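**Student:** The sequence shown lines up with residues 314 to 562 when you count with the numbering used here.
Each residue gets a CB set at the ideal place from its N, CA and C atoms; glycine is no exception.
Just so we're clear, the structure is a prediction, and the values are computed from it rather than from any experiment.
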Amino acid sequence: MAVLLTLGGVVFNGFEVPESIAMGGEQVLVVHKLPGGARVIDAMGADHRDIAWSGRFRGGNAEARARLLDGYRIGGQQYLLRWSTYRYQVIVQSFEANFQQPFEIPYSIRCTVVSDESAPVLTGIPAIDELIGSDLAAALGLSDSLGVAQVAGAIATVQQAVNSVNSIKDAPTSSATQISSSIAAAQQLVGATITSTAGAVSAAPSIAAGGNPSSMAGSLAAQANGMGQLAQLYNLSSTLTRMGKNMTQ
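1. Near VAL343, which residues of its chain fall below 8 Å by C-beta distance, leaving aside the five closest residues on each side in sequence?
2. When the Cα atoms are used, what is the spatial distance from LEU553 to ARG352?
3. Alpha carbon to alpha carbon, how far is VAL503 from ASP429?
4. With which residues is PHE416 paired in a DSSP beta bridge?
5. Does the beta-carbon of ASN476 have 16 or more other beta-carbons within 10 angstroms, so that it is buried, or is it exposed?
6. Please state the DSSP three-state secondary structure of GLY368.
7. Looking only at C-alpha atoms, which of GLN501, GLN545 and GLN414 sits nearest to LEU381?
8. Look up ALA359 in the DSSP assignment and give the residues it is bridged to.
9. Are PHE416 and GLY368 closer than 8 Å when you measure CB to CB?
10. With DSSP collapsed to three states, give me the class of THR436.
11. Determine the direct distance from the alpha carbon of GLY539 to that of VAL403, and round the result to whole angstroms.
12. With LEU444 and ASN548 assumed to form a contact (beta carbons below 8 Å), what rounded beta-carbon distance in angstroms separates them?
13. Leaving out the 5 sequence neighbours to the left and right, which residues in its chain are closer than 7 Å to ARG423 when beta-carbon positions are compared?
14. Indicate the three-state DSSP secondary structure (helix, strand or coil) for ALA335 in the structure shown.
15. Among all the DSSP beta bridges, which residues are the ones paired with THR319?
16. Alpha carbon to alpha carbon, how far is ARG400 from LEU393?
17. Where does GLU409 sit, in a helix, a strand or coil, going by DSSP?
18. Any idea what DSSP makes of VAL426, helix, strand or coil?
19. Short check: CB of ILE481 to CB of ASP448, under 8 Å?
20. Identify which residue in HIS361, ARG395, VAL426 and ALA377 has its Cα closest to the Cα of GLN414.
21. Roughly how many whole angstroms lie between the Cα atoms of ALA505 and GLY460?
22. Whose CA, out of GLY512, PHE412, THR510 and GLN500, lies closest to the CA of GLN324?
23. Of all the options ILE492, ASN559, ILE468 and LEU318, which has the alpha carbon lying nearest to the alpha carbon of SER333?
24. Is it the case that the Cβ atoms of SER493 and MET560 are separated by a distance below 8 Å?
25. What are the complete alpha helix (DSSP H) segments, minimum 4 residues, inside the stretch 457–485?
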């Protein structure tokens, strides 16, 4: 399925993307059967089926991405699920991962539909300027929250490139290329930051019985801070990936 698939802040890539996604549902009907075989049928509204698919996380970030989606299940929050012209507000009902290796984790996910936002999209798909502007605002917020100077600088460069044109839709090829290049550079830097942060979390001293309480508390705090940063970095990476793909569509 060669389309952009996102759930919340997660952009699915490569083997993570399923070949197809089943959708649809039923119309809830109340059937009143009358004498003589006549019927009166009341249509009560759409009942959307769950949206489910499966894929495979591969690479150095496979385990962290699986944990992030499982966090969606645990949190029980609403997230925007979208692909092509389809948009749904969903809650992750179930997420199952089959851990084979840290770099090879098949998964399956099932989402319960809260609301269908596809119809408005069909009548007015956001323009490229709106899409990029919305994601840029999200990226700026995430970089400010992270407080990593290099990341903030890279996002600021993206902002400068976007602000250099009045309209991305009507921008000359050279300006569009500059925007795309700045997004790619920021994505590369965020990817490197994810790798280093994940390494620092993994290298944190383990907690053992009889250890120094102060040291253990410090280690736990460092791990918690690192995991929080990783979640924000993955969200930022997904946002930049989406921006890059939107620039090429």
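**Tutor:** According to the structure data:
1. Here VAL343 has ILE354, ASP355 and MET357 as same chain residues with Cβ atoms under 8 Å from its own Cβ, once five neighbours each way along the sequence are excluded.
2. Cα to Cα, the separation comes out at about 55 Å.
3. Using only the alpha carbons, I get a separation of about 32 Å.
4. Answer is none; PHE416 lacks a bridge partner.
5. Flag for ASN476 reads exposed.
6. Of the three classes helix, strand and coil, the one that applies to GLY368 here is strand, per DSSP.
7. If we check each option's Cα against that of LEU381, GLN545 comes out closest.
8. GLN340, per the DSSP bridge assignment.
9. No, the Cβ-Cβ distance between PHE416 and GLY368 is not below 8 Å.
10. Legend: pLDDT at THR436 = 48, less than 50; position of this residue unreliable, value from coordinates given subsequently. In the structure shown, the three-state DSSP call for THR436 is helix.
11. Taking the straight line joining both Cα atoms gives about 28 Å.
12. About 17 Å; that fails the 8 Å criterion.
13. The residues ASP363, ALA365, GLN406 and SER407, in chain order, have a CB closer than 7 Å to that of ARG423 in the same chain once the five nearest residues on each side in sequence are set aside.
14. Looking at ALA335 - three-state DSSP - the assignment turns out to be coil, as it is neither helix nor strand.
15. Per DSSP, VAL324 and ARG395.
16. Between ARG400 and LEU393, the alpha-carbon positions lie close to 7 Å from each other.
17. Here GLU409 sits in strand by DSSP.
18. Strand.
19. At least 8 Å separates the beta-carbon of ILE481 from that of ASP448.
20. Closest by alpha carbon: ALA377.
21. Distance between the alpha carbons of ALA505 and GLY460 is about 16 Å.
22. Before going further, note that residue 324 is Val rather than Gln in the sequence given. Of the residues GLY512, PHE412, THR510 and GLN500, the one whose Cα lies closest to the Cα of VAL324 is GLN500.
23. Taking only the C-alpha atoms, the option nearest SER333 is LEU318.
24. When the beta-carbon positions are compared, SER493 and MET560 come within less than 8 Å of each other.
25. Counting whole runs of 4 or more residues, the stretch 457–485 contains the alpha helix (DSSP H) stretches 462–476.
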